[in-house]
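Chains as they are written, first to last, in our numbering: chain A, -18 to 188; chain B, 4 to 537; chain F, 351 to 689; chain L, 201 to 298.
Quick notes on the structure that follows.
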Amino acid sequence: MKPEEIYADRRARTHALHLGMWIFLGSETLLFAGLFGLYSAYRAQFPADFATAVGHNDATIGTINTLVLIVSSFFVAWSIHALRGGHRRMCIASLVTAMALGASFLGLKTIEYSHHFAEGIAPGAQYTSTELPEAGARTFFTLYYAMTGLHALHVIAGLAILGWLATRVRRRRTTTERHVELELGGLYWHLIDVVWIFLWPLLYLTG
Amino acid sequence: MTESPLPESFWRDGRGLRGWLLTTDHKRIGILFFFGTTLALILGGTFALVLRLELLTPDKTLVDAHTYNQLFTHHGVVMVWMFLIPSIPGVFGNFFVPIMIGAKDVAFPRLNLASFYVYLLGSVVTLVALVAGGVDTGWTFYAPYSASTNGAVGWVVTGVFILGISTIMSGINFIVTIHTLRAKGVGWMGIPIFVWTIYATSIIQVLATPVLGLSLMLVGIDHAWGLGLFDPAAGGDPVLFQHLFWFYSHPAVYIMILPALGVITEIVCTFSRNPPVSYRLLLVSALGIAFVGFLTWGHHMFIAGMSTFDSGVFGALSMLVAIFSAIKVFTWVATLYGGRISLGTPILYFFGFSFLFVFGGMSGVAVATSSLDVHWHDTYFVVAHFHFIMVGGSLTAYLAALHYWFPKVTGRQYSGRWGLVSAMMVTLGFFFTFMPQFLLGNAGMPRRYYSYPDRYQWLNVMSTAGASVLALGLLLTVGALAVACVRGKRAPADPWGSASPEWQVPSPPPQHNFVTPPDPRHGPYDYDGRERSE
Amino acid sequence: MNELFRTLLNLPEQASSVALRIDVLHYVVIAVSMLGATGVAVAVAVLLFRFRRRPGGHPPVSRGHVPLWAEVTMIGGLLTLFLAFWAVGFRQFVTLQTPPANSMPIYVVAKQWMWTFAYPDGSATTDDLYVPVGRPVKLVMTSRDVIHSFFVPDFRIKQDVLPARTTTAWFEATRAGPHDILCAEYCGLEHSRMRGRVIALSDDDWARWADSRATPAAHDLATMGARVASERGCLRCHTVDGTPHLGPTWAQLYGSTIVLTSGDRIKVDEAYLTESMMDPALKLRAGFAPIMPTYQGLIQGVDVAALVEYIRSLADRPLELDPPPAAPLPPKPIPTRAP
Amino acid sequence: MDSTDSADEPSFPSGRSLVIALVALAGLTVVSWGAAQLALGAAGTPVALGIAATKAGVVAVAFMELLRASTLARVIALVTVGFIALLCAGTVGDVAFR
């Protein structure tokens, strides 16, 4: 049956959608919980090796990527702000900027991955590097690939959503009057940002 | 017999098959889930029967060891993820929660339909494994064996992952529905306990399922490309997989049992025409179980090489869950007191349930006692314990629910006599299937044993005999209800004299649930109030 | 009384020093469970009958609200009971986890689908584990493939056996005769046939058995370990007389407490030594480079046992320079069934 | 319509607050990076995670409008964090005390 028939008014529906999105975000975050659990357990097992391995990661790229995601997050928030203020073009522009930043995040990640592969630092059985302590480093980098890989998948999904939203705004489907989907899409993108905010120190800084 | 057709109801929307396959009506989706889960039950049950027959003799009876190992794996996978988890929420939750809170539908009807098709997809993918070589890891997928075995591990873990997505979808849907769609005047304390248990269940589903999805994915990747996260040869730690697995799978037990407890509450109150002796305790214990269930996963790992420290902590925490379950049991018994109890098939199932669930639960306390678990772990005692909860608890309650709400859903009554017979066969059959298994466990027969020392045979024979009675009982139930669907007497709106909202709408309910808007003046257990106003 | 309950509950014989204590707790817990469940069921049955709907209806009963104190007592009472179970059970559990100091070490290697046992005297057996009655035995266990679980129902002990890690279990047999060993962790095709026996022998039978094992060129596990050490090149990095070298010296190593690179302190025991052979970098001793290769899969259970015994034998060796052990001795055939 | 015309809810975050949040986040990022260069040793990880938590808080409040969202949303946020902590505690409690 039609939403109008189910809900008292559109505000009730908006509220419900936000609720649903937040619960979904909680669920999404717990998808990473297992990896955080493994990370902390293995780190407790090989403290020294993990430190060395973290040190081996390129903190510069990591830090730049962090800033990139934060700024993109800002532009997503800004796009909502703009649309609420009725500035359609600015909304589209900020969405596109956010997407560009997201894409460059993935670009930097690819560069990083290629560096690692060049050194024989590949996940699991493909790990051939010998310069780092055998036991811990391999595990660290397997986790590194699992965590960043899962995160990258979310970034790709997020980019798709942002693109879809941008076209909706352009086609005047998403408007100042009704833009709940923009808010929800934004929430998803911010979650991706938040997850990375935690991955960054764990994988690049705390050497 | 000539009989005027049933009144206008959700069964007819004039759109034929399309109306069923593309429906967004929560009631129809409930029916779809009923057929899905019933098929799963039949499939899993068949596997179980073959297993039981194989165990009639100490060595080969029917199938070879490899087939046997695959059968118990697929039995577990099908029963847990394709039947038990979606059964009560998917069927009765979908059908009744909106009506119980006075809503026309769930918050996200399309998401609801999607969750059914995702469930279907997941089931299919899981079953592809059967033809793709089968899986012999056991439903627990313990590393490193699950990584090294050459079976269709990839198919099963992917299938279960997809099933998990369906679970999360419906979990989100229920939580939002209960939060936002309660009719005017229906407060949090004015909803039936069944709604509360579905709410608690949904919370667990949303929070725990992703962790399972991830760990199974890791196992799948490990099996396919040697990720080695849990592989000792690569510095991995297999015990950590067990941590992740049980972090989901212990709460999952409560996903399976909480809705059952809700059903039982409804039945006890309706048939004794007494409000629950303490609504507050029932709802606190439901939420309590949901929460504490997350703190106890380690009691599956006492002898797995886990630290003694963790064993102590998890052992103590595990005892708390039993408390909450005990509160529920006492509340039910106290609710019967002073009632005007009408006997019917559902309440008879409750009688069986009361013994099976309490003993099953207490045997849980027993295996949570670490020194005793050392002897019992991975023996038939554990098998018997969780079947008491899953079958004696959940399945019994599912059948009780089926008989309780049958008149509402179909608009027809079934034969009480056949209901009684099948209920007795199911309960006794179950009892004789699994009581011997406690004794087998005490004697030390490990689970997942294809062949066993001769001294265990007589108990296995008894267990198999019981299993066949149980199977017959289930067939009888299906048959009796099928007959009732076409031949049954027309059922009134409220055959049991309940006060719960779903009984105030016609049987079967009309398309948009309510002819007259729901009347919140009387709570779901306000029997006298209803009577006076009628 | 004990016999009655044991038979009722279909428990196997109590053949270890801990079995009786554990069973008594078992009786209590199961009795409580049975009584509880039956009690509830009976109560339900009685109430269903007593308050069944009658034509005239029964005189209304006043059902006051459950008073708070009743709730509290009920909940408190049960919680105390369950926590009592936990307290007693956990104390027994700790006992099961901590082998007595004087126990005889036996090295267990599990593989699909057999058990191999290596004894301090250098001999080894497959599937049958020979032990003396009345003397604590400590099992130092590891697996070569997947997870197995060492389970002896008559002893009420069970312990998972993990690859690349050692777990320990201990028991003191109190009754002579064979006791089944069952694998309790699903380990693949022949899981249910991965069985063995603990042959518990009275003192003189044990002595006789030990003699029967002794061959003319008899030498104990430690001597064998010395041979393995030189054959495997351990002595290229490890000294046996305290001289500092690439690896930690073995003199006075066993039983000492060392500091790891992680900063933790650890007591050097069978578990740590075995683990360090299989996964040297896992718990690296402070002040040493992670240069030792892993011997996982390269070195057989008996040789591991031999090395550990050898290092044990050096525990109280005075730290003075003396020639490293003699050149390789003729290898001694080790009876093991082909996998 | 969409909750834009709602008197009973706190008004939307102003553009200014968004900019301030951005500056704060960038600043914290730099601080965290700097702290890492100092090699604080054992204190390093807690510090880094503390800063990360602060940043996450800023994002949640300024960008995700967590304070405008319903109570349940806030509960979910807390529960999620709590459960991750729980899982880590359980696994570490095993590995560390083995």
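Think of the CB as a built atom: it goes at the ideal place given N, C-alpha and C, for glycine as much as any other residue.
Do the CB positions of Gly67/A and Gly215/L come within less than 9 Å of each other?
-> In the first sequence, counting from the first residue as 1, residue 67/A sits at position 86. In the fourth sequence, counting from the first residue as 1, residue 215/L sits at position 15. Contact: no.
Check the DSSP bridge columns for Asp478/F and list the partner residues they point to.
-> Here the question's residue 478/F lines up with position 128 in the third sequence. DSSP output for Asp478/F lists Arg547/F as bridge partner(s).
Using a Cβ cut-off of 7 Å, pull out every chain B residue sitting near Gln509/F, in sequence order please.
-> Position 159 of the third sequence, counted from the start, is the residue given in the question as residue 509/F. Those within 7 Å of Gln509/F in chain B are Ile306.
What's the C-alpha gap between His135/A and Leu87/A?
-> By 1-based counting over the first sequence, the position of residue 135/A is 154. By 1-based counting over the first sequence, the position of residue 87/A is 106. Using only the alpha carbons, I get a separation of about 11 Å.
Identify, in the order they occur along the chain, each residue of the same chain with its Cβ nearer than 7 Å to the Cβ of Glu57/B, setting aside the five sequence neighbours on each side.
-> Numbered from its first residue, the second sequence carries residue 57/B at position 54. Here the set comprises Thr64, Leu65, Val66, Tyr71.
State the DSSP-derived secondary structure class of Cys537/F, mapped to helix, strand or coil.
-> On the third sequence, position 187 is the one that residue 537/F refers to. DSSP places Cys537/F in coil when its eight states are reduced to three.
Who pairs with Val368/F in a beta bridge, going by DSSP?
-> Taking the first residue of the third sequence as 1, we reach residue 368/F at position 18. DSSP output for Val368/F lists no bridge partner at all.
Whole angstroms is fine: what's the gap from Ala621/F's alpha carbon to Asp570/F's?
-> For this step, residue 621/F is matched to residue 271 along the third sequence. For this step, residue 570/F is matched to residue 220 along the third sequence. In a straight line, the C-alpha of Ala621/F is about 20 Å away from that of Asp570/F.
Alpha-carbon to alpha-carbon, Ser151/B and Leu183/A | One-based indexing of the first sequence puts residue 183/A at position 202. One-based indexing of the second sequence puts residue 151/B at position 148. Approximately 31 Å between the Cα atoms of the pair.
Cross-chain neighbours of Ser54/A in chain L, by beta carbon under 7 Å = Within the first sequence, residue 54/A is the residue found at index 73, counting from 1. What Ser54/A touches in chain L: Val259, Phe263.
Residues that Trp199/B contacts on chain A, provided the C-beta gap is smaller than 9 Å = Indexing the second sequence from 1 puts residue 199/B at position 196. By Cβ distance, chain A contributes nothing, its closest Cβ being about 17 Å from Trp199/B, past 9 Å.
Are the beta-carbon atoms belonging to Phe327/B and Val295/B less than 9 Å from one another?
-> To locate residue 327/B, count along the second sequence from 1; it is residue 324. To locate residue 295/B, count along the second sequence from 1; it is residue 292. Closer than 9 Å, so yes.
Name, in chain order, the residues that DSSP records as bridge partners for Gln509/F.
-> Start at 1 with the first residue of the third sequence, and residue 509/F comes out as number 159. For Gln509/F, which the question treats as bridged, DSSP gives the partners Phe500/F.
Does DSSP classify Phe358/B as helix, strand or coil?
-> As a working mapping, residue 358/B is identified with position 355 in the second sequence. Three-state DSSP puts Phe358/B in a helix.
Beta-carbon neighbours of Val292/L, restricted to chain A and to distances below 9 Å = As a position in the fourth sequence, residue 292/L is number 92, starting the count at 1. The contacting residues are Gly18, Ser21, Ala22, Arg24, Ala25.
In chain order, what residues of the same chain lie with their CB nearer than 6 Å to the CB of Gly605/F, ignoring the 5 residues before and after it?
-> For the purposes of this step, residue 605/F is taken as residue 255 along the third sequence, with counting starting at 1. The answer, listed in chain order, is Ala665.
If the cut is a Cβ gap below 7 Å, which residues of chain A does Ile171/B touch?
-> Locating residue 171/B in the second sequence gives position 168, where the first residue counts as 1. Per Cβ cutoff of 7 Å: Ser8.
Mind checking if Ala296/L is an interface residue toward chain B, Cβ cutoff 9 Å exclusive?
-> On the fourth sequence, position 96 is the one that residue 296/L refers to. It does: the Cβ of Ala296/L has a partner Cβ on chain B nearer than 9 Å.
Could you confirm whether any beta carbon from chain L is found closer than 9 Å to the beta carbon of Lys(-17)/A?
-> Taking the first residue of the first sequence as 1, we reach residue -17/A at position 2. Not closer than 9 Å to any Cβ of chain L, the Cβ of Lys(-17)/A fails to qualify, so no.
In whole angstroms, what is the alpha-carbon distance linking Ile425/F and Ser288/B?
-> Walking along the third sequence from the start, residue 425/F turns up at place 75. Walking along the second sequence from the start, residue 288/B turns up at place 285. Rounded to whole angstroms, Ile425/F to Ser288/B spans 11 Å at the Cα level.
Helix, strand or coil: how does DSSP classify Gly527/F here?
-> For the purposes of this step, residue 527/F is taken as residue 177 along the third sequence, with counting starting at 1. Reduced to three states, the DSSP call for Gly527/F is strand.
To the nearest angstrom, report how far apart Val368/F and Ser542/F are at their CA atoms.
-> If you number the third sequence from 1, residue 368/F lands on position 18. If you number the third sequence from 1, residue 542/F lands on position 192. One C-alpha to the other measures close to 26 Å.
Taking only heavy atoms of the ligand SAH into account, decide whether any of them is closer than 8 Å to the Cβ of Leu489/F.
-> Only the bare structure without any ligand can be found here, which leaves the ligand SAH out of the picture.
Determine the DSSP secondary structure at Thr348/B, reduced to helix, strand or coil.
-> Along the second sequence, read from residue 1 onward, the residue named residue 348/B stands at position 345. The answer is helix: DSSP assigns Thr348/B an H, G or I state.
Compile a chain-ordered list of the residues in the segment 106 to 135 of chain A whose CB is closer than 9 Å to at least one CB of chain F.
-> From the segment 106 to 135 of chain A, only Pro114, Glu115, Ala116, Gly117 have a Cβ closer than 9 Å to chain F.
Cα-Cα separation, Pro566/F to Thr518/F = For the purposes of this step, residue 566/F is identified with residue 216 of the third sequence, where counting begins at 1. For the purposes of this step, residue 518/F is identified with residue 168 of the third sequence, where counting begins at 1. Its pLDDT being 47, under 50, Pro566/F is placed unreliably in this model, and the value from its coordinates should be taken loosely. Pro566/F and Thr518/F: Cα-Cα distance of roughly 32 Å.
Three-state class that DSSP yields for Lys617/F in the structure shown = Taking the third sequence and counting its residues from 1, one reaches residue 617/F at position 267. Strand at Lys617/F.
Whole-angstrom distance between Ala221/L and Ile51/A, CA atom to CA atom = By 1-based counting over the first sequence, the position of residue 51/A is 70. By 1-based counting over the fourth sequence, the position of residue 221/L is 21. Between Ile51/A and Ala221/L, the C-alpha separation is close to 10 Å.
Against chain A: residues of the segment 119 to 146 of chain B by CB proximity under 8 Å | none
Could you spell out the range, first to last residue, of the alpha helix (DSSP H) harbouring Val295/B?
-> Stepping through the second sequence from its first residue, residue 295/B is reached at position 292. 282 to 295 is the extent of the alpha helix (DSSP H) around Val295/B.
Beta carbon of Leu230/B, beta carbon of Gly15/A: below 9 Å?
-> Position 227 of the second sequence holds residue 230/B. Position 34 of the first sequence holds residue 15/A. For Leu230/B and Gly15/A, no; Cβs fall outside 9 Å.
Could you say which of Gln514/B, Glu11/B, Leu477/B, Tyr528/B lies nearest to Tyr282/B if we only look at CA atoms?
-> By 1-based counting over the second sequence, the position of residue 282/B is 279. Closest option to Tyr282/B, Cα to Cα, is Tyr528/B.
Reduced DSSP category for Arg153/A - H, G, I as helix; E, B as strand; rest coil | Here residue 153/A corresponds to residue number 172 of the first sequence, with the count starting at 1. Reduced to three states, the DSSP call for Arg153/A is coil.
For Gly157/B, which option in Ser173/B, Ala132/B, Tyr145/B has the closest C-alpha, if you only look at C-alpha atoms?
-> For the purposes of this step, residue 157/B is taken as residue 154 along the second sequence, with counting starting at 1. Measuring from the Cα of Gly157/B, the nearest candidate turns out to be Ala132/B.
For Gly575/F, does the count of other Cβ atoms within 10 angstroms reach 16, so buried, or fall short, so exposed?
-> On the third sequence, residue 575/F is found 225 positions in, with the first residue counted as 1. When all chains shown are included, Gly575/F counts as buried.
Taking C-beta pairs closer than 9 Å, name the residues in chain B that Ser499/F reaches, listed in chain order.
-> Mapped onto the third sequence, residue 499/F falls at position 149. Those within 9 Å of Ser499/F in chain B are Ile306, Ala307, His380, Asp381, Pro449.
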